[in-house]
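In the UniProt record's numbering, the protein residues as written are 1 to 1092. C-beta atoms are modelled at their ideal positions from N, C-alpha and C, and glycine is treated no differently. Inspection log for the structure reproduced underneath, given as structure tokens.
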Amino acid sequence: MPTLFNYCGDDKHHTGGSLCSMNSNRLFSILDVYNHPCKRSRINDSYSLFSNNKNNPSIEILPDECLYEIFRRLSGGKGRSVAACVSLRWLTLISNLKTSEIIDKVKVKVNNEFSFDDEQENDGYLTRSLEGKKATDTRLAAIAVGTSARGGLGKLSVRGSDKVTSVGFSAIARGCPNLRVLSLWNVPMIGDESLIEISKCHFLESLDLCHCPLISNTGIISIANNCPNLSSLTIESCKNIGNKSLQAVARCCPNLQSVTIKDCPNVGDQGVATLFSSSLVLTKVKFQSLDISDLSLAVIGRYGKSITNLALTNLRNVSQKGFWAMGNAGNLESLMSLTVISCCGITDLSLEVIGKGCHALKHLVLKKCWFLSDKGLISFARAARFLESLQLEECNRVTQQGILGTLSNQNSKMKSFSVVKCMGVIDLDEKAIDFFEKNQSLHSLTIKNCIGFGNKNLELIGKLSPNLHNLDLTGLSGITDSGLFELLKTHTAGLKKINLTDCINLTDKVVVDLVKIHGGTLEVLNLGGCRKITDESMAAIGRNCGLLKDLDVSKSGITDSGVSWLCCEGNMRLRVLSLSGCMVSNESMLSFEKMGETLVGLNLQRCNLISRSAIESLVINLWRLKKETRLGVNWGTRASHPLSPNIVVKLMKDNGFDKVKLFEAEPGVLDALRNSGLQVMLGIPNDFLAPLASGVRVAEDWVAKNVSAYVSRGVDIRYVAVGNEPFLKTYKNMFTNATLPALQNIQAALIKAGLGRQVKITVPLNADVYESSSGVPSEGNFRSDIHSLMISIIQFLSDNAAPLTINIYPFLSLYADPHFPIDFAFFAGTNAPVVDGTISYTNVFDANYDTLVWALEKNGFPGMPVIVGEIGWPTDGDQNANLGYARKFNQGLISRIIQGQGTPKRKTPPDVYIFGLIDEDRKSIDPGNFERHWGVFNYDGTIKYKLDLGSNNRTLVSAKGVRYLSRQWCVMAEGASESDPNLADSVKYACTYADCTSLGYGSSCNGLDARGNASYAFNQYFQTFNQQKGTCNFHNLSVVTKIQPTTGMSDCKYEIMIDIGKHEKPRKPVTSVAALGWRLQDLSYSGVVAFH
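Next up, the structure:
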């Protein structure tokens, strides 16, 4: 529900029809009040729009020339987008319009300022990816027209299609002049004509071509000549692209920073030489399977001053001379990472020279370098003084001597050393190692699948590298308990990650020793394939490894007894457990459930003793455990005396709320959420939609200030909620046109900030965006006036793997219609369910939610994820808003979450955010007096009613550390007369500036007499203004007392406000003039104070 605006219609209540019977026909009226009250009945139009008409529309008679003149005069991109939906002919004509051919609107002078009624600015950061059958010229044309109003695409990817031609790319070039990234993979029909068209997008920065056989030098040269901002070029398996392309790019693209060329037979020394000699800022280069010689590497060494990353793969014509020349040139002064794969030119001599010539080198990867031996490896290690990471794979001439010599370097800065599949590394009788020096900096060591590696090598390596944190000995079948033990006992720092996969000769003895020595620091342990490991090892792990997060004992001798040891000690907090192929049975299910609170991954593949039914039951029970700790809640801050954000965060964590939805970005609130472990949905007020829709730069500023800045400081922002119920009819389309562009711009800004995968977008919508034409959920569809807009929004959310958010309020169904069956509003069920085919609906939530699900399915989105953004029940302000009903509803809701119960249409329950956390006495009461009483907690964080939260009989707890004003109250003086002419005006004045909604009809304090009414109003004013001097002076009708007054009613109390001077008050940014106006309006009380 809106935190600032009235979410219902006008101030009058329009009630629905009678609901005397509960047959399917009466659900139509229920659906009218599913959502918010004060909504007029929605009447579906007939299907006349879709009636058959054999005669062609008269407008199709117009010739192309006439339509051309019409289209170029249409008002803005939105008008052209709508027109393009009429027919394929119209789409083709509009997509062929050039920007220069469109007639701009005339400037209009308003208040001595010129303005354009034009489309909103956008810098082209929208993204589209088309694969397979979806990639066609028609779709490209539609994308070009549809996105042109917002600057066009910023990134386009087309893969695996033989239906795309230059026609589609011509449309993209005309409609998306700001295209920055283009990726074409496996598109055999794309030729030079397409790239020539794309070259008209002068802002192009990245071009990626893979398996495009028709593209030749002509297309690349056109790109180079017209796209000077090109910074990244990738060409793979394009047989017609050669040296002329690289020469053109080198000559015309001064900003080129990254080049990848793979399997292009026509690229040779001439192109590479020109590229390197002309490019001054080139930093990343990858060459693979090219017909280049020693000359190219000599040029790289001579002109590669700016290169930081260099990868050379399968260069068969490059010899030792080429690599020697590259290193000897001494100009690779910025090179930090070098990868060489399958190059016979890497020899002892050339590698040593590279080590001496590349002074900044930190990372080296050598794979399948068959001519490299111990001598070259040791010489390189001593020459490369800043080397931090060395990886060797399938370098079979490297032996034990090379490994030990590389490690025995006291001055080495090497932190990681990896040896994989080097068959020359075998155990040999070795002399004493007194001459070797220990490597104090090495923290990570990998010796993997080296068949001849045995205990002696392991012992020597242990002595040379005493400070290891990570150890990977995968596939070393030659090592035994004694060899591993010698390594373990030499390390004092404590190992954190150990991988012993397929070390088949290890037994329980060494595992027991391992966890005794390193159990206090061990976080990851992999014993997969160690067949001799049994339950004894699991017992030792359970007793000693309190920090262990990830355990893999797949294909070992573990049984049910071993699994029980992991949870019986009580100190294990495993997150991932793999028991694939182990002899565990149904008896372990209870143990898994006990570990379920922390488990995020459990692998039971090929555990044949576990039945299917046991697995299904386990999945449900683990899901329930997770849902108990994943409760969401809405945190609104419209309060005169807000709790400190730090106290509120502690309150949520103490009560098991792990997700929180905020209505706006308040710095104090976000600061309090840093490193809290709470997942955040961050809201954007509706007033911000128009500015955000005006341009992506506004969105980028908002994301940088409110998302990136806090994510980097430890706030776990998962969603950005763009707007808040923007399509309510009461807004009269105020936000309709701005919502989708704002959503798109925020998504583009998140992508640019590098948060596109981490933070998802959504739009919280009221449930009135969908309806049922015949009164049953299966007839659900979206509102006709916003149907196309809803489809566009859902499509955009779906394209970006984002959910749809819906707010559902059964209380408002009851509030809007006095004839609404009250039991249908709760989850306990009704004796007269609504029948829809074979489904019987016993509560309004299920019926409402499934109406949405049916609407999604009908429009092609059956799997669209849905979040219930707001749902709850108020405790005051109406005859049906009371503690009993609120507890009944919210307990029923939480119980469904705990039990994993969904709706008849969707068996899996959605994520739910309860509304709300705390009462807010500054919210608008235009919807009703109840609007300030939705909180599960009172204004001060105290409990309103008990709720069972699931595991271990956990119930709600109150906020801690709250401080109050002095224990004094303002009440009506004993000598004051109820007939005093100033009494009514005094009460009215007090209730204008304080919250008196509890005095309204049907509210908790409605039963007070005249003196009680006056005392309550006076005290609310007195407390609201912090008990300041003079705030209990109502024409001598009031007096301050230190004796707590009573009302005689359990739910009606005289409050004492929080002392906000003793807490950090949240900083509230003034969001806009409109928002400020609503805040001032919130101070007004329009309820009726009853006197008896």
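Item	Value
According to DSSP, residues forming a beta bridge with G837	BP columns for G837 are empty, so no partner.
Helix, strand or coil at Q1044 according to DSSP, with G and I counted as helix	coil
DSSP state of E236 mapped onto helix, strand, coil	strand
Exposure label - E131; buried when at least 16 CB within 10 Å	exposed
N-terminal and C-terminal residue of the beta strand (DSSP E) that A311 is part of	N309 to T313
G1002 and Q879 closer than 8 Å at C-beta	yes
Whole-Å CB distance - L140 paired with G160, under 8 Å assumed	Their Cβ separation, rounded to whole angstroms, is 15 Å, which puts L140 and G160 out of contact at 8 Å.
S611 versus G775: straight-line alpha-carbon distance, rounded	43 Å
Straight-line gap, M734 to L207 (C-alpha atoms, nearest Å)	41 Å
Nearest-angstrom Cα separation, counted from P909 out to residue 1123	Any question about residue 1123 goes unanswered here, given that the chain covers just 1 to 1092.
Sequence-distant residues of the same chain with beta carbon closer than 7 Å to G268, five excluded per side	N243, D291 and I292
DSSP bridge partner residues for R128 (one or two, in chain order)	L156
Beta strand (DSSP E) segments (min. 3 residues) lying fully within the stretch 940–992	969–972
Span separating the alpha-carbon of T300 from that of L315	Sequence check: residue 300 is Ile here, not Thr. If you take the alpha carbons of I300 and L315, they lie about 14 Å apart.
Neighbour-count burial assignment, S87, 16 or more Cβ in a 10 Å radius	exposed
Inter-residue spacing [alpha-carbon to alpha-carbon] between L392 and S337	14 Å
Status (buried if at least 16 other CB within 10 Å, exposed otherwise) for N1019	buried
Supposed contact pair W565 and G542 - C-beta distance, whole angstroms, cut 8 Å	4 Å
I354 (DSSP reduced to helix, strand or coil)	helix
C-alpha distance - S389 paired with I461, whole-angstrom precision	17 Å
From D1059, A672, K367 and M1049, residue whose alpha carbon lies closest to that of Q1028	D1059
Proximity below 8 Å, CB of L335 to CB of T308	yes
T736 (DSSP reduced to helix, strand or coil)	helix
Alpha-carbon to alpha-carbon, V1039 and L983	14 Å
Nearest-angstrom Cα separation, counted from Y815 out to C991	24 Å
Local conformation of H819 per DSSP, three classes	coil
Under 8 Å between C-beta atoms of S482 and N455	yes
Distance, I867 Cα to D550 Cα	31 Å
Bridge partner(s) assigned by DSSP for M864	Answer is none; M864 lacks a bridge partner.
Inter-stretch contact at 8 Å, needing at least 3 Cβ pairs: the stretch 759–772 / the stretch 725–739	yes
Meets three-Cβ-pair contact criterion under 8 Å: the stretch 656–663 and the stretch 962–976	no
N- and C-terminal bounds of the beta strand (DSSP E) containing W185	V181 to W185
Identity of the residues DSSP links to E65 by a beta bridge	Note: E65 sits in no beta bridge, so no partner.
Assigned exposure category for I223 - 16 Cβ within 10 Å defines buried	buried
Within 8 Å, strictly: CB atoms of R718 and V669	no
Where H933 falls, given that 16 or more other Cβ within 10 Å makes a residue buried	buried
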